């Protein structure tokens with residue numbers, strides 16, 4: 004080799020060494036900036052045992068780094084008995100090790116000479132993080148133990164059981180798995196079965212290595228009719244802080260539904276395992292909108308160079324999930340709209356009249372409130388109130404079908420205002436029914452939805468709802484899953500004219516025992532779901548929800564008493580006129596308890612007395628059971644059947660509708 008070539012080669016080697024020294028200096032300075040400690044691994048000069056001295060670093064300019072032991076131990080005394088084995092810096096998914104050129108102790112500080120060589124050891128198994136502000140508990144047959152989580156990886160976690168806790172509770176390793184809980188002051192991050200891998204005695208206590216469960220599991224009850232996952236282009240981002248390490252992370256969503264999403268993580272960056280709860284995660288849909296939610300990992304499956312993590316929504320507000328479903332419904336059918344804020348009020352009213360949804364007799368009773376109705380519906384269709392939802396099927400800006408729902412009682416939503424332009428589209432009415440059904444299927448498990456039951460009132464002679472809703476009830480043949488109750492409807496209480504009452508009676512606020520009396524009679528008559536859906540005591544939270552959306556609602560429950568005990572329960576439900584166009588939300592419900600204590604004049608006088616007590620204007624009246632009107636010779640205008648579905652049995656509902664309509 005010529006002299007010039009040798010000089011060039013030496014120059015390159017020197018440049019390489021300088022780069023490595025600079026890299027080591029940069030990592031040490033970053034440790035100082037982040038407040039991260041380094042590990043000085045010591046080896047006993049006689050017994051060859053290892054000891055780790057955790058130390059804080061000071062800024063370095065590249066030739067020497069100054070460290071301060073965090074344990075408070077005398078560094079001079081230690082180095083008389085131990086020699087430095089290596090110095091280790093913990094990176095995200097690797098260790099950076101080096102052997103110092105020299106070591107000196109000066110006033111309790113350790114000075115390490117930086118070498119020209121360092122070694123980076125990368126391994127997915129080393130992909131671990133320290134636990135930050137996390138507490139732990141172990142539950143097993145022997146008792147409840149408080150532990151301190153130290154560090155974790157996707158497959159295992161290291162915890163310390165303090166000696167005091169160990170001595171008091173007499174820890175012994177369980178033969179079977181134990182239950183581990185990881186939590187902070189306000190959140191639980193993990194709860195599940197773990198296996199003990201190894202134990203090691205340390206100065207602080209018994210160090211226990213536990214393996215996380217890796218098998219997928221169902222956070223909610225498994226259903227046959229599941230949410231359809233959709234891939235969005237460009238994919239949304241998720242941004243969150245890891246609950247155990249507090250590290251800020253961001254990934255692209257692989258696919259999403261109204262129930263949850265999945266995302267791909269490179270193996271060398273994986274920090275996830277099933278049952279991990281992320282209390283605050285932000286989904287960013289580009290510049291369109293972003294939402295914040297709580298999610299729970301249900302599986303982490305290996306795919307080539309990635310880990311696919313599946314998460315379900317645990318807590319998400321109703322407005323946010325509605326935005327997601329609006330987007331997903333549009334991707335599946337561009338004519339399907341959820342809570343579309345730009346429904347033209349003029350087109351909506353024209354649609355209601357032209358489809359016959361508002362027929363002459365109905366409009367006759369509504370006509371005095373025409374302007375109030377316009378104002379009310381402009382309010383309902385210009386925002387996203389938490390107590391109403393509407394769905395439309397539109398083509399070229401024309402409304403072809405419409406359906407909506409209203410939170411009428413605390414945990415119950417009323418499906419109503421179902422109308423379709425059959426001349427323009429034969430299937431549009433079925434499509435909006437499918438929309439609202441899929442919406443219910445997506446959101447009913449979220450606490451923010453307050454949705455345990457859905458219900459609707461329909462006239463028994465109306466073929467479509469009788470075939471669909473009535474058909475579901477007949478198919479299930481279980482009134483605790485789906486029930487039907489028929490009422491007699493009278494449009495105006497003011498039209499009643501009671502005759503003389505020949506015996507003593509009085510009307511008073513109902514007591515819980517009076518309501519229980521009605522429930523007892525109801526079980527004998529129907530044994531359906533009405534007691535579970537109707538609130539006979541006002542919900543303050545629901546009242547506030549209406550008020551916050553600038554809507555009116557009030558509920559009072561009265562009892563009609565005679566000398567022989569309670570004869571009827573009367574529920575007065577008041578709201579904005581036209582909120583439901585059949586006035587079932589602005590109505591008095593009369594539930595008979597003792598038939599032989601009631602006659603036509605007493606019913607008429609009772610409901611008029613309640614209107615007077617409340618200083619209320621006219622309302623409609625619903626009589627239950629249906630046979631009451633015929634028995635009392637009360638002239639009725641219509642019959643309404645109340646359909647109620649327990650949402651635990653949505654699968655059976657979808658099975659019926661799929662057989663009925665084919666694609667639903």
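Residue numbers (this note's numbering): 4 to 667. We treat Cβ as the ideally placed atom computed from N, Cα and C, and that holds for glycine. Bear in mind that the values here come from a model prediction, so they are computed numbers and not experimental data.
Take the alpha-carbon of residue 371 and the one of residue 455: they are about 36 angstroms apart. Taking 8 angstroms as the cut-off, the Cβ atoms of residue 500 and residue 532 do not count as close. Between the region 282-293 and the region 221-233 there are fewer than three inter-stretch CB-CB distances shorter than 8 angstroms, so the stretches are not counted as touching. When the beta-carbon positions are compared, residue 395 and residue 343 come within less than 8 angstroms of each other. A residue is called buried once 16 or more other Cβ atoms fall within 10 Å of its Cβ, and residue 393 is buried on that count. In the displayed model, residue 283 falls within a strand according to three-state DSSP. Nearest to residue 69 by C-alpha distance, out of 110, 555, 44, 100, is 110. With fewer than 16 other Cβ atoms from the protein chains shown falling within 10 Å of its own Cβ, residue 304 counts as exposed. Around the beta carbon of residue 278, a 10 Å sphere encloses 16 or more other beta carbons of the protein chains shown; the residue is thus reported as buried. When rounded, the separation of the alpha-carbon atoms in residue 148 and residue 213 is 14 angstroms.
Looking at 79, 243, 124, 478, the one whose alpha-carbon comes closest to that of residue 93 is 124. In the three-state reduction of the DSSP assignment, residue 620 falls in the coil class, being assigned neither a helical nor a strand state. Distance from the Cα of residue 664 is smallest, within the candidate group 338, 474, 161, for 474. A straight-line Cα-Cα distance of about 5 angstroms links residue 117 and residue 103. Taken in chain order, the unbroken stretches of beta strand (DSSP E) that lie wholly in the region 318-373 and span 3 residues or more are 339-341. Contact check for residue 536 against residue 632 fails: the beta carbons are separated by 8 angstroms or more. The alpha-carbon of residue 409 is positioned some 14 angstroms away from that of residue 446. Scanning the region 622-655 for uninterrupted alpha helix (DSSP H) segments of 4 residues or longer gives 630-635, listed from N- to C-terminal end. Counting only the Cα atoms, residue 260 lies some 11 angstroms from residue 334. Between the beta-carbon of residue 592 and that of residue 576 there is about 7 angstroms, and that keeps the pair under the 8 angstroms contact cut. Rounded to the nearest angstrom, the Cβ distance from residue 308 to residue 246 is 25 angstroms, too far for a contact under 8 angstroms.
Cβ contact annotation for residue 464 (same chain, cutoff 6 angstroms, sequence separation greater than five): none.
Runs of the beta strand (DSSP E) lying entirely within the region 527-577 and spanning at least 3 residues, in chain order: 556-565.
Around the Cβ of residue 326, a 10 Å sphere holds 16 or more other Cβ atoms; the residue is buried. Listed in chain order, the beta strand (DSSP E) elements of length 3 or more contained wholly in the region 392-476 are 401-412, 415-423, 456-461. In this model, residue 521 and residue 224 are separated by some 33 angstroms (Cα to Cα). Counted as a single uninterrupted DSSP element, the stretch harbouring residue 169 is not any beta strand (DSSP E) but the alpha helix (DSSP H) occupying residues 166-172.
For residue 221, no alpha helix (DSSP H) encloses it, and the DSSP letter there is neither H nor E. In the displayed model, residue 189 falls within coil according to three-state DSSP, outside both helix and strand. In the DSSP annotation of this structure, the continuous segment of the alpha helix (DSSP H) that includes residue 78 starts and ends at 78-84. Straight across, the Cα-Cα distance linking residue 314 with residue 449 is about 14 angstroms.
Distances from the alpha-carbon of residue 228 to those of 122, 443, 504 put 443 closest. Excluding five sequence positions before and after residue 243, the CB atoms of its chain that fall closer than 7 angstroms to its own CB belong to 252, 281, 283, 284, 285, given in chain order. A direct Cα-to-Cα measurement between residue 170 and residue 195 gives close to 25 angstroms. Counting C-beta atoms within 10 angstroms of its own C-beta, residue 412 has 16 or more neighbours from the protein chains shown and is therefore classed as buried. Remark: C-beta atoms of residue 594 and residue 571 approach each other more closely than 8 angstroms.
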